[in-house]
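These protein sequences, in sequence, are chains A and B.
Under the working numbering, the very last position in the first sequence is 352; numbers go up by exactly one each time.
Under the working numbering, the very last position in the second sequence is 619; numbers go up by exactly one each time.
Quick notes on the structure that follows.
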Amino acid sequence: MSDAIIAEGLVKRYGEVTALDELSFSVPQGTVLALLGPNGAGKTTTVRVLTTLLRPDAGRGIVAGHDVVGDARRLRAKIGLSGQYAAVDEHLTGAENLEMVGRLYHLGARRSRARARELLERFDLTGAADRPVKGYSGGMRRRIDLAGALVADPPVLFLDEPTTGLDPRARTALWDTISELVSGGSTLLLTTQYMEEADHLADQILVVDHGRAIARGTADELKDQVGGNRIELTVTDAAELDTARETLAWVAVGAMRTVPESLRLTVPVTDGAEALRQVLGRLADAGVRVRDAGLRRPTLDDVYLTLTGHRAPGSGTDSDPEPGTDPEPGTDPEPGTDPESGTDPRAQEANR
Amino acid sequence: MNAITLPIADGWTIAKRNTLKIRRQPDLLSGALMLPIVLILLFAYVFGSVIDVPGMSYKEFLLPGIFVQAVIIGAQTTGYTLTLDLQKGIFDRFRSLPMAPSAVLIGQTVSDLLMNLASLVVMAGMGLVVGWRVHTSPYEAALGFALLLAFAYAFSWFTATVALALRTPENFNNIATMVSFPLMFVSNAFLDSSNLPTPLRVVADWNPVSAFTQAARELFGNTSTAMTTSDAWPIQHAVPASLLWIVVILVVFVPLATRLYKQAVSA
């Protein structure tokens, strides 16, 4: 058994809305797969199907060798799930929460207690162990929830948007924790809206949109798939931005992105240095004063936009509700606003 | 563990969790214990000063009725707590664990039973203070309390069913109030229902609250031969009628609540 997770033609419909549209993929044992996609792409539905919370309308799911429908009870003994919002009891202390989960995995009283202490220490929550979770910060809640998924030391882990809603510092800390976890040989399926997160944590990335897989590969492979380089220019005033756009239309191999606020223009090109030289010459001829110019490889953000953004013209990357499965209160649906992804949210706005 | 021991073991884990939760919310606990005291004082002294029942003190007549009323209110904790948990992610966690799915409802109803027990103890103590007395053997009195607790447990499954159908705490509270008040007042709990106009009297005679109240009165000895009681079967055979009610409620609402729980959490 080399694949810890197998999804075969998974279909899930909510009335008119098709949340999963014959989604198929597999995750080799001991590796990390990130499901990357906008809100409503079907990421959460996929996790809910594979963790037996939701029955697929069609298709098959096999996790740790057990069928999600036919063998749910034994499957559950092999998995750990941590959701989008912390599934812990507010009134119970951190230790009590973990102990309860241990008892429900049937570890027995003594082992549950020992395991709870162990995890609290590992997640740096020893000081808060005997305080009700109610008083925990957002980052602490995520950690205790993640610890809950690890109580039985399951071979397969599911983390559904583990860092959504966290501040950058707490997110980086959680990344370190997750990296450490999977270095121990667990298989992990992770969902995220953040390219940076997928890049950082996953061996393989599966880009999903409208319940379908639209690309799969390592971060580098996906970047290659989008191809070419990006020229980034900063001009001196807003009028020049339009002039630059018109002047450079011939060289662009895809949609240009402008950010009026920072007077920035991004132009996808095929050949790097030569294109840059030509672009600067043309702009000088047109009288555009270029303040800054540079060449860069496509980021995952570009990948994401190229693969999903153009597929649904007119709809944003954060549209398409997923009924009942994507509540995400108070979370940020716009990937570009992630302070750590190093991109400007307005870049996407301008592209629509 | 097999199909029988697993739900019991897991149900016990969940019940312990709920008991801890109740302990962490002193306002909830004191509310649950204060309300019956307030009810006893209110009814005993307000109604008690204007209502006469032949052959006995109104307080003795009243207390079994208050017990039943408190059970009806106390059992609503089950439904209310479930609607609160439904709003959170905790049921997802439970469902991803290799536990018995029925354990969630078993645990909830068991912990609420413990809370109802505490409330009954407080009420009995308060009853003794205001002049209520048991006139039967300890065995019969114990049977009386056991019957009330069994009703509390069964009624918890009813409120769980309502809650899982409605799913939000607001909706649940509205409906619970609308259902429980007629249930409590169109009965013999506070008044001699034989004085009611015929349609209401028939409803009161067959209202389960009347059967439980009458059963409690008999088992505690809070009855008087000077008082006329209804000829209706559930009142004449209050203890078997009550037991029958418990069985019927459990047989109908345990499977129904279990099914609705599955639907509510897999949406």
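Using N, Cα and C, we set each Cβ at its ideal position, and we do this for glycine too.
task: Please confirm if Lys614 (chain B) has its CB atom under 8 Å from at least one CB of chain A.
output: no
message: Would the region 416-431 of chain B count as touching the region 65-77 of chain A if we require 3 or more Cβ pairs under 8 Å?
response: no
task: Show which residues of chain A have a CB atom less than 7 Å away from the CB atom of Met451 (chain B).
output: Leu104
message: Against chain B, does Pro28 (chain A) count as a neighbour if the rule is that its beta carbon must be under 8 Å from one of theirs?
response: no
message: At the 8 Å Cβ level, is Leu372 (chain B) part of the contact set with chain A, yes or no?
response: yes
- prompt: Who are the Cβ neighbours of Leu415 (chain B) in its own chain at under 6 Å, not counting the five residues just before and after it?
  reply: Gly479 and Trp484
query: Do Thr610 (chain B) and Leu457 (chain B) have their C-beta atoms closer together than 8 Å?
result: yes
task: Express the C-alpha separation of Leu263 (chain A) and Gly324 (chain A) in angstroms, rounding to a whole number.
output: Because the pLDDT of Gly324 (chain A) is 36, which lies under 50, any placement of that residue in the model is unreliable, and the question is left without a value.
- prompt: Does Ile601 (chain B) come within less than 8 Å of chain A when only Cβ atoms are used?
  reply: no
- request: Mind checking who Val235 (chain A) pairs with in its DSSP beta bridge?
  value: A:Val290
field: Coarse secondary structure for Val538 (chain B), derived from DSSP in three states
entry: coil
task: May I have a chain-ordered list of the alpha helix (DSSP H) segments no shorter than 4 residues that lie completely inside the region 171-216 of chain A?
output: 195-201
- request: Look at Met467 (chain B) and Ala568 (chain B) and say whether their C-beta atoms are less than 8 Å apart.
  value: no
task: Out of A:Leu23, A:Val27, A:Arg131 and A:Gly15, state which residue places its alpha-carbon closest to the alpha-carbon of Ala4 (chain A).
output: A:Val27
message: Using a Cβ-Cβ distance cut-off of 8 Å, determine whether Asp362 (chain B) contacts chain A.
response: yes
field: Limits of the unbroken alpha helix (DSSP H) element including Pro28 (chain A)
entry: Counting along the chain, Pro28 (chain A) falls outside any alpha helix (DSSP H), though it belongs to the beta strand (DSSP E) covering Val17 to Pro28.
- prompt: Thinking C-beta only, is Phe25 (chain A) closer than 8 Å to Leu81 (chain A)?
  reply: no
message: Using 8 Å as the cut-off, can you tell me whether the region 166-176 of chain A makes contact with the region 271-281 of chain A, which would need three or more C-beta pairs spanning the two stretches below that distance?
response: no
field: Interface positions of the region 163-193 of chain A facing chain B (Cβ-Cβ less than 9 Å), listed along the chain
entry: none
- prompt: Around the Cβ of Asn574 (chain B), are there at least 16 other Cβ atoms within 10 angstroms (buried) or fewer (exposed)?
  reply: buried
query: By the 10 Å Cβ neighbour count, where 16 or more other Cβ atoms means buried, how is Val402 (chain B) classified, buried or exposed?
result: exposed
query: Which residue from A:Thr236, A:Asp71, A:Ala252 and A:Glu196 puts its Cα closest to that of Ala34 (chain A)?
result: A:Glu196
Residue-level contact to chain B via CB, Glu8 (chain A), 8 Å cutoff: no
- prompt: Excluding five sequence neighbours on each side, which residues of the same chain lie with their C-beta closer than 8 Å to the C-beta of Leu174 (chain A)?
  reply: Gly139, Arg142, Arg143, Leu146, Pro162, Thr163 and Leu166
task: Measure the CB-CB distance between Leu98 (chain A) and Leu120 (chain A) and report whether it falls below 8 Å.
output: yes
- request: Tell me whether the beta-carbon of Asp124 (chain A) lies closer than 8 Å to the beta-carbon of Ala95 (chain A).
  value: no
- request: Scan the region 498-525 of chain B for residues whose Cβ lies nearer than 7 Å to a Cβ of chain A and list them as they occur along the chain.
  value: none
- request: Spatial neighbours of Pro327 (chain A) within its chain, please: CB distance less than 7 Å, with the 5 preceding and 5 following residues excluded, ordered by chain position.
  value: Per-residue confidence for Pro327 (chain A) stands at a pLDDT of 37, beneath the threshold of 50, marking its modelled position as unreliable; the derived number appears in the next sentence. Cβ neighbours of Pro327 (chain A) beyond the five flanking positions: none.
- prompt: Assuming Ala367 (chain B) and Val462 (chain B) make a contact with CB atoms under 8 Å, what is their CB distance in whole Å?
  reply: 4 Å
- prompt: For Asp176 (chain A), which option in A:Ala152, A:Asp153, A:Leu201 and A:Gln193 has the closest C-alpha, if you only look at C-alpha atoms?
  reply: A:Leu201
task: Can you check the region 455-500 of chain B for any alpha helix (DSSP H) of at least 4 residues that lies completely inside it and give the ranges in chain order?
output: 455-482
field: Beta bridge counterpart(s) of Ala249 (chain A) as assigned by DSSP
entry: According to DSSP, which records beta bridges pairwise, Ala249 (chain A) is partnered with nothing at all.
- prompt: So what does DSSP say about Ile424 (chain B), is it helix, strand or coil?
  reply: helix
- prompt: Cβ of Val269 (chain A) versus every heavy atom of the ligand ZN: is any distance shorter than 7 Å?
  reply: In the structure on display, the ligand ZN does not appear, and there are no ligands present to speak of.
- prompt: Are the C-beta of Arg369 (chain B) and some C-beta of chain A separated by less than 8 Å?
  reply: yes
Contact with chain B by Met195 (chain A), beta-carbon distance below 8 Å: no
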